[in-house]
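Novice: In this note's numbering, the protein residues as written are 234 to 825. Cβ coordinates follow ideal geometry from the N, Cα and C atoms, glycine included. Only a predicted model underlies this, so the values are computations on that prediction, with no experimental measurement involved. Once you've had a glance at the structure underneath, I'll fire off some questions.
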C-alpha cells in the first residue's frame, strides 16, 4: 500500500490523530480557492449529491474532478496519507473486529494494527463521526489514510464473504487453516489417495471450493480456471470475455482443491494422466431466490498437475430470445425468415465463446412452440435442456459421434435437426444431404466471418452443389457493453474514426462512449455483453457464384454490394448507439 507517488507519506495529523482541515477551511472553500473546481461545478455537485455520498465523490461522479486528483487534494487538505488499495493483505483478526455492514456503512476498512493503534482507510477523512465509531468499536486510537470509495469497496468485496459477511481474508486465512490440515510431506506435496480423500472433506477445502463456485455465479463469470504452476496456483474468472485473477491458493492446498472439484463432478480423483469431463449441479439461495446452476467441468494434465476449467451455466440469466441477441432489425428479419423455411441449412459461425450455441438455442426455442414438429439435437455436451426437444450428447468412447447420432435421428422422421458443431467431412456431408432432402438443419462452424465459412466448407470437402442447400450464414462476436452507470462521451480524433470505418459524415457527429470505471462494473468500464453479427442470406445470385467457384474476394464484394453488414460495420453501429466502445470493436473485428 503506497501513496500516489509509490511511497509512503507522513501525515500532519493532529494530536489524537484526527485529520485537520488545511488552515481550518472546509473542503468546498479549499476546492474553490485552489481553482480545483469552478463554483458552478460545486453548485451542481451539491444539487446532485446522493444520500450517503460525500461531496468529493459527487464531483468525481459528474466528471468535475478525476478520482486520482481527489485523493491528492483530500490528502493535502486533511494532512493524511493517500494510498492505493491494490489487493491489500488484511488479517482475519483485524476484520473480525469490524463487521462488513459497519465497513460498508462508513465506506471505510481497517488495514492494520500496531499496538493500540489501528490504521483505517476512509473515503472521507473529514468524517469525524466515523473515526469515533471506529475508535469505540476497536478500543484503539485511529490513524486515518485516504483512499477512493471504489478502491475501498473493492477491498470490502475481496476481504468479506459475500454470502455471510464474515471476514474472509482469502489467501492469508486459507494458508493458515490448511497448513495444519494437510501440510506438505515433501517438495511435491505427495499424498496417498486415502489422505487426499480425507483432505477434500476438511472445512477449509470445502469452504474454498464452495466460494469459488458461488462467487463465480455472483460475479457473472462464464468460466473458472484453476491452474497449477511450479510455485503457485492461480484461480481466474472469465467475466465479460476477459480473464481476471481472483486468488492464488497455496500450492500445498492445490491437490486437495482439485480433488474436491473432481469429487463434486463425480470424476475419478485417482486418475491424473488423462483428461476427464463431468458436471456439477448446485442449488443455492441468492437474494432470497433459489438459483440452480450447472458447472461443466473439464480436467487436463499439464506440467505441474491438472488444469481444471469449469463452464458456468446459470439458467437464471440465460435469455433464449433472438430479439435479445443484439441483431439489427433487418438482420433479425433475415434470420427468422431462414429458420422458418421447411428445409435447408442455417449456419452460425465464430470462435469459441462467441455465443453461437446461445443463438442456436434461441432459434430452437422460437421454433418449439407447437406439437407439430419433431425437433432433435446432437450436442457436445448438452448445455441447456429444452422441454419438447429430443437432445442427445455425443460420447466418443462408445462411438456415439456427431455423424452416428445424426444418422440415427434421420431414421426417426425429424423436421428440424440441430448439430452442435460441424467438425469433419462426414458430419458435414450428412448434415448437408439432410438439408437437401426435406429437413431444416441448424449448426455451427468455427470460422472468422460469413464468407470464410464457404471457404472452410470447401476445404473439408463439401462440393458446391451441396452448399446450395444453405439458407443463411450468420457470423457473430460478443462485445462488452459500456457500463451504464459510469459511461461518458470521450473525444476521438476524426481521423481515427475514419480509419475505423466511419464515413466522413458520421465521423463529424458520432459521440464515442467509454466507461470511467465504478463499483457497478468492478472498475472495468464494461458490464455485460451483446452480439455483433454478419448475416449473409443465400440468394439465387450468391448460389450461382458458389457453383461457379468464385473467389472469396468476389463473394465478399458481392455480399457487401447486396447489403450485407459486416462485423466491423455492425460493431460501429453499436458504437454510434453508445452501446459499446470503439476500442472493443477494434479489438474484436477486422478492418474491411
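Just the C-alpha distance for residue 673 and residue 704, rounded to the nearest angstrom, thanks.
Specialist: The straight-line gap from Cα to Cα measures roughly 10 Å.
Novice: List in chain order: all unbroken alpha helix (DSSP H) runs of 4+ residues lying wholly within the stretch 554-630.
Specialist: 562-572 and 589-600
Novice: For residue 445, which three-state DSSP category applies?
Specialist: helix
Novice: Taking the alpha-carbon positions, what's the residue 515 to residue 614 distance?
Specialist: 18 Å
Novice: DSSP puts residue 753 in a beta bridge; with which residues?
Specialist: None, per the DSSP bridge assignment.
Novice: Closest by CA to residue 667, which one among 746, 701 and 681?
Specialist: Closest option to residue 667, Cα to Cα, is 701.
Novice: DSSP on residue 685, reduced to helix/strand/coil?
Specialist: Three-state result, residue 685: helix.
Novice: Taking residue 485 as the reference, give the member of 475, 437, 457 and 473 with the closest Cα.
Specialist: 437
Novice: Jot down the residue ranges of each uninterrupted beta strand (DSSP E) in the stretch 344-388, minimum 3 residues, whole runs only, in chain order.
Specialist: Complete beta strand (DSSP E) runs here, min 3: 350-355 and 374-379.
Novice: Quick one: grab the DSSP three-state call for residue 759.
Specialist: strand
Novice: Under a three-way DSSP split, which group does residue 326 fall into?
Specialist: In this structure, DSSP gives residue 326 a helical state, which the three-state scheme calls helix.
Novice: Assess, as a yes-or-no matter, whether the stretch 728-742 is touched by the stretch 357-365 under the definition of 3 or more beta carbon pairs within less than 8 Å.
Specialist: no
Novice: So which of 441, 451, 448 and 478 has the shortest CA-CA distance to residue 458?
Specialist: 478
Novice: Short check: CB of residue 364 to CB of residue 377, under 8 Å?
Specialist: Yes, Cβ-Cβ distance for residue 364 and residue 377 is below 8 Å.
Novice: Helix, strand or coil for residue 241, going by three-state DSSP, please let me know.
Specialist: A caution first: residue 241 carries a pLDDT of 34, below 50, which makes its placement in the model unreliable, though a value can still be read off. Looking at residue 241 - three-state DSSP - the assignment turns out to be coil, as it is neither helix nor strand.
Novice: In whole angstroms, what is the alpha-carbon distance linking residue 757 and residue 819?
Specialist: Using only the alpha carbons, I get a separation of about 17 Å.
Novice: For the alpha helix (DSSP H) containing residue 301, name the first residue and the last one.
Specialist: 300-311
Novice: Near residue 587, what residues of its chain come up, given a Cβ to Cβ distance below 7 Å and the 5 sequence neighbours on each side ignored?
Specialist: By the criterion of a C-beta distance shorter than 7 Å, residue 587 is surrounded in its chain by 709, 710 and 711, once the five residues flanking it on both sides are discounted.
Novice: Would DSSP call residue 464 helix, strand or coil?
Specialist: coil
Novice: Note down the Cα distance separating residue 476 from residue 449, rounded to an integer number of angstroms.
Specialist: For residue 476 and residue 449, the gap between their C-alpha atoms comes out near 12 Å.
Novice: Give a yes or no on contact between the stretch 530-540 and the stretch 493-508, applying the rule of three or more CB pairs nearer than 8 Å.
Specialist: yes
Novice: CA-CA distance, residue 585 and residue 335?
Specialist: 43 Å
Novice: Which value, in whole angstroms, describes the spacing of the CA atoms of residue 402 and residue 663?
Specialist: Note on residue 402: pLDDT 41, under 50, position unreliable in the model; the coordinate value appears next. In a straight line, the C-alpha of residue 402 is about 56 Å away from that of residue 663.
Novice: Quick one: Cα of residue 453 to Cα of residue 473, how far?
Specialist: 8 Å
Novice: Put residue 748 into one of helix, strand or coil per three-state DSSP.
Specialist: Strand, per DSSP.
Novice: Counting pairs of Cβ atoms below 8 Å between the stretch 712-719 and the stretch 776-791, do you hit three or more?
Specialist: no
Novice: Give me the Cβ distance between residue 558 and residue 592, rounded to the nearest whole Å; I'm assuming they're in contact under 8 Å.
Specialist: 6 Å
Novice: Tell me whether residue 408 sits in a helix, a strand or coil according to DSSP, three-state version.
Specialist: With a pLDDT of only 41 at residue 408, under the threshold of 50, the placement of this residue in the model should not be trusted; the figure read from the coordinates follows. Of the three classes helix, strand and coil, the one that applies to residue 408 here is helix, per DSSP.
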